[in-house]
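First residue of the sequence shown: 1, per our numbering; consecutive thereafter. Positions of the beta carbon are idealized from the N, C-alpha and C atoms, including for glycine. Down below is the structure, laid out as structure tokens.
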Amino acid sequence: MQSSSSVVTRVSSRRIPSNKLCCLQSSSSSTTDTQSTVKSTIDNNFTEEEPFTWPQLIDLFRSSNNSQEDHHYIISSDNKNLALFRRSSDAQYEYEKHKKYIQCDWESAYDYLVMDKFGTKFGFEKVLNEETAKYQASPSLKQASKFAIDNQMTYLRLVLNDYPYDVAEGIEHWCLWKIGGKSQTEGILKKELSWAASELGSLNADKSRGSSCIIDKDGVSTFYELDSSETAPSSVSDMLYWVNPPHLQSMPEIHHAHMLVIRDDQIEGRGETSLEPPPVSSGLMKSERYGPNYSGCL
Numbered sequence: 001m002q003s004s005s006s007v008v009t010r011v012s013s014r015r016i017p018s019n020k021l022c023c024l025q026s027s028s029s030s031t032t033d034t035q036s037t038v039k040s041t042i043d044n045n046f047t048e049e050e051p052f053t054w055p056q057l058i059d060l061f062r063s064s065n066n067s068q069e070d071h072h073y074i075i076s077s078d079n080k081n082l083a084l085f086r087r088s089s090d091a092q093y094e095y096e097k098h099k100k101y102i103q104c105d106w107e108s109a110y111d112y113l114v115m116d117k118f119g120t121k122f123g124f125e126k127v128l129n130e131e132t133a134k135y136q137a138s139p140s141l142k143q144a145s146k147f148a149i150d151n152q153m154t155y156l157r158l159v160l161n162d163y164p165y166d167v168a169e170g171i172e173h174w175c176l177w178k179i180g181g182k183s184q185t186e187g188i189l190k191k192e193l194s195w196a197a198s199e200l201g202s203l204n205a206d207k208s209r210g211s212s213c214i215i216d217k218d219g220v221s222t223f224y225e226l227d228s229s230e231t232a233p234s235s236v237s238d239m240l241y242w243v244n245p246p247h248l249q250s251m252p253e254i255h256h257a258h259m260l261v262i263r264d265d266q267i268e269g270r271g272e273t274s275l276e277p278p279p280v281s282s283g284l285m286k287s288e289r290y291g292p293n294y295s296g297c298l
């Protein structure tokens, strides 16, 4: 079982510079009041439950209707169990604090998101708006999306989820983010999830910041490995991935998929039966989608 302290350590070590918490740290008293309010709100609306184990995730999400070709994919339109996902109370608390930071220091959550997930490698710059005294991304998400679509380019970024769902310790929660493609409504394609599945085989969750990819109009892929681990991770034993249906989307203007991963050492350490591994070929040159039930949105 994942301890609350391990969750807090994982999420609180990320993304919130101490000098940027202006909404939370304007004074010691206001900080205490704000944090107490956030904590109280979460406590009043939260019943702590045991984190999901891998066998439970399989029971909930691996349907007999899943295609033989890819039983790792969860068809969001057919699976109401996706609404069961939640963060632990401690992780939710850190998430709410982080939202306060973004509201205070950034023009929008999307400005923060594209800088944090894509950043300078993809041509984004952090700019201070002197009128509002808040940071914004240049270009904006809308501008970057239009440029990428007009030039038939796709930007992909695979990273750990900063505030993961409440799953058992050892289960990794990654997110695949996408800008561009053929249109605003294209969504995340099968070839793009296949690329992410392949990348996960070489990314160590403890030491890696993820992987990136740019696909141009000729289908040429440029990869950026960021802070890859010097220690090879254990092989991926099994995974599940999906795109949240519209009513569960917190950031509907940017496409992303969730990926839950368990590795061989975790399966063996728990005495669980090893399951069929995910596909390892990137398939980036293929054009097939997940089929008529694929929602194509966050």
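Between the alpha carbons of Ser202 and Tyr135 lies a gap of roughly 34 Å. Assigned with DSSP and collapsed to three states, Ala257 falls in strand.
It is roughly 18 Å from the alpha-carbon of Leu240 to the alpha-carbon of Asp162. Taking all protein chains in view, the Cβ of Val220 is surrounded by fewer than 16 other Cβ atoms within 10 Å, so the residue is classified as exposed. Linking Arg263 to Lys207 through their CA atoms gives a straight-line distance of about 15 Å. With contacts defined by Cβ atoms closer than 8 Å, Val236 and Leu200 form a contacting pair.
Look at the beta carbons and you see the region 246-258 touching the region 106-118: at least three pairs across the two are nearer than 8 Å. In the structure shown, Met239 falls within a strand segment according to DSSP collapsed to helix, strand and coil. When rounded, the separation of the alpha-carbon atoms in Lys80 and Leu60 is 10 Å. Our two residues, Met115 and Val243, have alpha carbons roughly 22 Å apart in a direct line.
Here Thr154 is buried: its Cβ has 16 or more other Cβ atoms, across all protein chains shown, within 10 Å. Counted as a single uninterrupted DSSP element, the beta strand (DSSP E) harbouring Lys134 occupies residues 134-138. In this structure, Glu192 lies near Leu176, with their beta-carbon atoms less than 8 Å apart.
Distance from the CA atom of Ile267 to the CA atom of Ala148, rounded to whole angstroms, is 40 Å.
Judged by DSSP in its simplified three-state form, Tyr110 adopts helix. At a Cβ-Cβ threshold of 8 Å, Arg157 and Gly210 count as neighbours. Cβ-Cβ separation between Thr231 and Asn204: approximately 6 Å, consistent with a contact (criterion under 8 Å).
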